[in-house]
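Which chain is which? The protein sequence lines are D and H, in order.
Mapping of the first sequence onto the numbering used here: position 275 corresponds to residue 275, and the numbering continues sequentially without gaps.
Take any residue in the second sequence, note its place counting from 1, add 470, and you have its number in the numbering used here.
Presented below is the structure to which this report refers.
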Amino acid sequence: MAEKSTKKEKTPRQPMPEQAPEARRRNFEEVPLGYSAETAMTEAQRCLQCKNPACVKGCPVSVDIRSFVGLVAEGKFSDAIHKIWEKNSLPAVCGRVCPQEIQCEGECVLGKKGEPLAIGNLERFVADYERTQGSGELPPKAEPTGKKVAVVGSGPSGLTVAGDLLLKGHEVTLFEAFHKTGGVLVYGIPEFRLPKDIVASEIASLEKQGMKIDCDAVVGKTVTLDEIFEDGFDAVYIGVGAGLPRFLDIPGENLINIYSANEYLTRANLMKGYRFPEYDTPIAMGKNVVVLGAGNVAMDSARTAMRLGADSVRIVYRRSRDEMPARAAEIHHAEEEGIEMYLLTNPLRFDGDEKGRVTRMECIQMELGEPDESGRRRPVPIEGAEFTMDCDLVVVAVGAGANPVLTQSDPEIALTRRGYIIADEETGKTTKPGVWAGGDIVTGQATVILAMGAGRSAADSIHKYLTWGW
Amino acid sequence: MFKIVDRKEMADGSIIMNQIEAPRIVAKAKPGQFVILKANETGERVPLTISDLDAEKGTIEVIYMVVGKSTAMFKALDVGDAYQDVIGPLGKPTDIEKLGHVVCVGGGTGIAVLFPITRGFKNAGNQVTSIIGARTKDLLILEDKMKGVSDKLRVCTDDGSYGTKGFVTDALKDVLENSRVDLVVAIGPVPMMKFVSALTREYDVRTLVSLNPIMIDGTGMCGCCRVTVGDETKFACVDGPEFDGHLVDFDGLIQRLRAYEEQEKEAYNNYCATMGNQ
């Protein structure tokens, strides 16, 4: 046994082949190229097949990682995808955008002495193999129950609920306010990080399993929750996302070419502004770009701006590198592509030209002071350390709040002081009978996989309700 | 898909009326609210305020001026053709109540937006005076419909080719001088709304304007439509589209409406060239 594990540790973690930074910074094609079957098997064979796999505990949806990796190691890719599908209906998405380093891979025993198993890369490989070379076989589905579930919002949590409940034999209709399904996977995350045909293919697979789609339906405006029940639905899941951009509320913020990250990414991704004039929605092509904030959305915005032809893209963040909320891999990718980090820098105001277009930003240098209520050292301005940056495009990526369009349309849904839906932590039940909620509209802005985890718990609870009652 | 069941060209083909099948929207829409239309897969999302409804036919009506590629593509849609997407009703409805004397001022295609609001105030028991204007006689729309929902109707043209020669503000000044006015509703080109608001401020008469900034989602998600109202930034799509005209930063709105003028020109020229070649 000891000899076996020694031998396995000798194989290094298989690197993910990637487009070279100098090429990819000007195109929208996906950055990682994916494992070959041989590489995937080599990597999978590094797995120690632990008796009590810590990786599974690190996964918000409890994918049976040990089993699926074991199947990959044997080259049984089709069996591997079925194993993942038991817990995760969107593996091609999760393999790409999950923060594995703080979840499954963060718990991996191999990581204690060397590099953890590349679980995300393996999940991605299996999902891509199934999509491109698989049998097209669908997961087995239970007998129809005759129950109808409405899922409001077609982002990651809504799709998870839909996928789970379809397999349990319920009828599912997905309500989407936009003209296209996918939520943040389509309007928010850029093509180079999550190709849109992959999202489309995951959704098409749910449609093959019987899911109905109702686009252009703004629940709260076009239809109300009560009308959905009147239409014969037995349960409703709300997964509408956060959906209210935050601004800094500083002078000059309404100048032209200052965008919220939501607007910038929606123009680029959903509306395909980067293909203007073939697509009709324009997007500003900045040469000197400033992105405010340092989360994943800020990295996505900065890397999009670089691909749209910027000469310089600067991330401006008021705290230090240690506090940057983005994944290490995203920061690394951004820096490789030539994006500069202006840390401990706080914007004060924007100035514009005679046409009202932004031309420069005044900011101030900060230093770290005493820890604040979040335990992070509070950035404080250095007196007299103001300076200006020239810029012709600014993207404000400092987070999002709770969008009130749905929540204010139904007084029975209780909200927190900040407008998020109050839902039971275990089940996702809201204060309105028959209505569940999960994802960013409950937690505030978080990750794709946490939204999926909330969807998974809610789907279990909805299934119990449809079987036994509230 | 949302089918066009009726269509009319007005003002020498520069203004188009569409009646569109959208039963779910009809069931909900109230005066002052808008929809977002998208012609096809590659099209823009264009916000247009609803100008009328037909509950029996399940249709909404929109009236728009052809100003660029998107509206030119809308114009190319015939009866029986369909918009790929119509989303709504969006925005807050007009706060219609019995106030006494309401003056409704409309210019250009703003008259279309003004019509259901005027009818609402009339049906709520107000005395309604309407003032509508256009650059010239041929561009004036909906005179008969407006007459039907107003106690008095005044018509102005800039060039005097019809009605009284002059701007709607001239006629409005006359009304403000000679009668007690409880509310002015002004909808039209941004400069018109700006001048009306400046005038009514002198008379201290509350004034509602309906704003038309550039939008993407129309549900408060992107912030593209932000306008400065008083000291605050508001999203026209969810906080409006109607605001207190005395507080709106119209110059800021005019600038933001021109954010993409170069791209819009390029797209329209390309479109016209392609159409010309066919």
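Yeah, the Cβ is synthetic: ideal placement off N, Cα and C, and Gly gets one too.
Worksheet item: For the alpha helix (DSSP H) that residue 647(H) lies in, which residues bound it at each end?
Response: Within the second sequence, residue 647(H) is the residue found at index 177, counting from 1. It spans 638-648 - the alpha helix (DSSP H) in which residue 647(H) sits, taken as one unbroken run.
Worksheet item: Is there at least one Cβ from chain H nearer than 8 angstroms to residue 179(D)'s Cβ?
Response: Within the first sequence, the letter at position 179 stands for residue 179(D). Output row for residue 179(D): interface = yes.
Fill in: Per-residue DSSP class, three states only, for residue 503(D)
Because chain D spans 1 through 470 in this model, residue 503(D) falls outside it and cannot be assessed.
Fill in: Of the residues 303(D), 340(D) and 284(D), the one placed nearest residue 357(D), counting alpha carbons only
On the first sequence, position 357 is the one that residue 357(D) refers to. Closest option to residue 357(D), Cα to Cα, is 284(D).
Worksheet item: Would you report the Cα separation of residue 148(D) and residue 211(D), rounded to the nearest angstrom?
Response: For the purposes of this step, residue 148(D) is taken as the residue at position 148 of the first sequence. For the purposes of this step, residue 211(D) is taken as the residue at position 211 of the first sequence. Going by the C-alpha atoms only, they are around 11 angstroms apart.
Discussion item. Could you tell me the alpha carbon to alpha carbon distance between residue 123(D) and residue 92(D), rounded to whole angstroms?
Written reply: Position 123 of the first sequence holds residue 123(D). Position 92 of the first sequence holds residue 92(D). If you take the alpha carbons of residue 123(D) and residue 92(D), they lie about 7 angstroms apart.
Discussion item. Could you pull the DSSP bridge partners for residue 437(D) from this structure?
Written reply: Within the first sequence, the letter at position 437 stands for residue 437(D). Residue 437(D) is bridged to 238(D).
Item to complete: Quick one: measure Cβ to Cβ for residue 575(H) and residue 638(H), integer angstroms, because I've assumed they're closer than 8 angstroms.
Response: Position 105 of the second sequence holds residue 575(H). Position 168 of the second sequence holds residue 638(H). Confirmed, about 5 angstroms.
Worksheet item: Curious, which full-length beta strand (DSSP E) runs of at least 3 residues does the segment 371-415 of chain D contain?
Response: 377-390, 393-396 and 400-402
Item to complete: Please work out which residues of its chain come closer than 6 angstroms, Cβ to Cβ, to residue 554(H), disregarding the five sequence neighbours upstream and downstream, and give them in chain order.
Response: On the second sequence, residue 554(H) is found 84 positions in, with the first residue counted as 1. Once the five neighbours on either side are set aside, the close Cβ partners of residue 554(H) are 508 and 510.
Worksheet item: Are any of the Cβ atoms in chain D nearer than 8 angstroms to that of residue 541(H)?
Response: Here residue 541(H) refers to the residue found at position 71 when the second sequence is read from its first residue. No, residue 541(H) lies away from the interface with chain D (no Cβ there is under 8 angstroms from its Cβ).
Fill in: Length-filtered (4 minimum) alpha helix (DSSP H) runs lying within the segment 267-324 of chain D
296-307
Worksheet item: In terms of residue numbering, what span does the alpha helix (DSSP H) encompassing residue 569(H) cover?
Response: In the second sequence, the residue the question calls residue 569(H) occupies position 99. No alpha helix (DSSP H) contains residue 569(H), which DSSP labels as neither H nor E.
Worksheet item: If residue 684(H) and residue 694(H) are in contact, beta carbons under 8 angstroms, what's the gap, nearest whole angstrom?
Response: As a position in the second sequence, residue 684(H) is number 214, starting the count at 1. As a position in the second sequence, residue 694(H) is number 224, starting the count at 1. Indeed, because the Cβ distance is near 6 angstroms, the residues count as touching under 8 angstroms.
Item to complete: Consult DSSP for residue 245(D) and reduce its assignment to one of helix, strand or coil.
Response: For this step, residue 245(D) is matched to residue 245 along the first sequence. If DSSP states are grouped into helix, strand and coil, residue 245(D) belongs with the strands.
Worksheet item: For the beta strand (DSSP E) that contains residue 604(H), what are its first and last residues?
Response: One-based indexing of the second sequence puts residue 604(H) at position 134. From DSSP, the beta strand (DSSP E) with residue 604(H) extends over 597-604.
Discussion item. With a threshold of 8 angstroms, are at least 3 pairs of Cβ atoms found where one atom belongs to the segment 555-571 of chain H and the other to the segment 591-611 of chain H?
Written reply: yes
Fill in: Simplified DSSP assignment, three categories, for residue 472(H)
In the second sequence, the residue the question calls residue 472(H) occupies position 2. Correct three-state label for residue 472(H): strand.
Fill in: Proximal residues of chain D, C-beta to C-beta of residue 494(H) below 7 angstroms
By 1-based counting over the second sequence, the position of residue 494(H) is 24. Those within 7 angstroms of residue 494(H) in chain D are 222 and 223.
Worksheet item: Given residue 698(H), which residues of its chain have a CB within under 6 angstroms of its CB, disregarding the five upstream and five downstream residues?
Response: For this step, residue 698(H) is matched to residue 228 along the second sequence. Here the set comprises 719 and 722.
Worksheet item: Mapping DSSP to helix, strand and coil, what is residue 94(D)?
Response: Numbered from its first residue, the first sequence carries residue 94(D) at position 94. Reduced to three states, the DSSP call for residue 94(D) is helix.
Discussion item. Is it the case that the segment 131-148 of chain D contacts the segment 185-196 of chain D, given that we only count it when at least three CB pairs across the two stretches are under 8 angstroms?
Written reply: no
Discussion item. Using 8 angstroms as the threshold, is the C-beta distance between residue 291(D) and residue 395(D) below it?
Written reply: Locating residue 291(D) in the first sequence gives position 291, where the first residue counts as 1. Locating residue 395(D) in the first sequence gives position 395, where the first residue counts as 1. Yes, the pair counts as a contact, with Cβ atoms nearer than the cut-off.
Item to complete: Reducing DSSP to helix, strand and coil, say where residue 190(D) ends up.
Response: Here residue 190(D) corresponds to residue number 190 of the first sequence, with the count starting at 1. Residue 190(D) falls in the coil class under three-state DSSP.
Discussion item. Under DSSP, the beta strand (DSSP E) around residue 349(D) begins and ends at which residues?
Written reply: Counting from 1 along the first sequence, the entry for residue 349(D) is found at position 349. Segment 345-352, the beta strand (DSSP E) holding residue 349(D).
Worksheet entry | For residue 363(D), three-class secondary structure by DSSP | Taking the first residue of the first sequence as 1, we reach residue 363(D) at position 363. DSSP places residue 363(D) in strand when its eight states are reduced to three.
Worksheet item: What first and last residue would you give for the alpha helix (DSSP H) that runs through residue 462(D)?
Response: Taking the first residue of the first sequence as 1, we reach residue 462(D) at position 462. Residue 462(D) -> alpha helix (DSSP H) spans 448-468.
Worksheet entry | residue 384(D), buried or exposed, once every other Cβ within 10 Å from all chains shown has been counted against 16 | The count along the first sequence starts at 1 and reaches residue 384(D) at position 384. Looking at its Cβ environment, which holds fewer than 16 other Cβ atoms inside 10 Å, residue 384(D) is exposed.
Discussion item. Would you say residue 746(H) lies against chain D (beta-carbon separation less than 8 angstroms)?
Written reply: Numbered from 1 along the second sequence, position 276 holds the residue referred to as residue 746(H). No - not a single Cβ of chain D is within 8 angstroms of the one on residue 746(H).
Discussion item. Quick check: the Cα distance between residue 1(D) and residue 109(D), rounded to an integer number of angstroms?
Written reply: Locating residue 1(D) in the first sequence gives position 1, where the first residue counts as 1. Locating residue 109(D) in the first sequence gives position 109, where the first residue counts as 1. Low confidence applies to residue 1(D): its pLDDT is 42, below 50, so where it sits in the model is not reliable, and the reading given next is rough at best. Each residue's alpha carbon lies about 16 angstroms from the other.
Worksheet entry | Supposed close pair residue 472(D), residue 163(D) - CB separation, criterion 8 angstroms | Because chain D spans 1 through 470 in this model, residue 472(D) falls outside it and cannot be assessed.
Item to complete: Mind checking who residue 489(H) pairs with in its DSSP beta bridge?
Response: Within the second sequence, the letter at position 19 stands for residue 489(H). The partner list for residue 489(H) (beta bridge, DSSP) reads 476(H) and 531(H).
Worksheet item: Can you tell me whether DSSP reads residue 681(H) as helix, strand or coil?
Response: Within the second sequence, the letter at position 211 stands for residue 681(H). Of the three classes helix, strand and coil, the one that applies to residue 681(H) here is coil, per DSSP.
Practice prompt. Starting from residue 150(D), trace the beta strand (DSSP E) both ways and give me its first and last residue.
Written response: Within the first sequence, residue 150(D) is the residue found at index 150, counting from 1. Per DSSP, residue 150(D) belongs to the beta strand (DSSP E) from 148-152.
Discussion item. Is it the case that the segment 460-469 of chain D contacts the segment 163-179 of chain D, given that we only count it when at least three CB pairs across the two stretches are under 8 angstroms?
Written reply: yes
Fill in: Three-way DSSP call (helix, strand, coil) for residue 738(H) in this model
As a first step, residue 738(H) must be located in the second sequence, where it is residue number 268. Helix.
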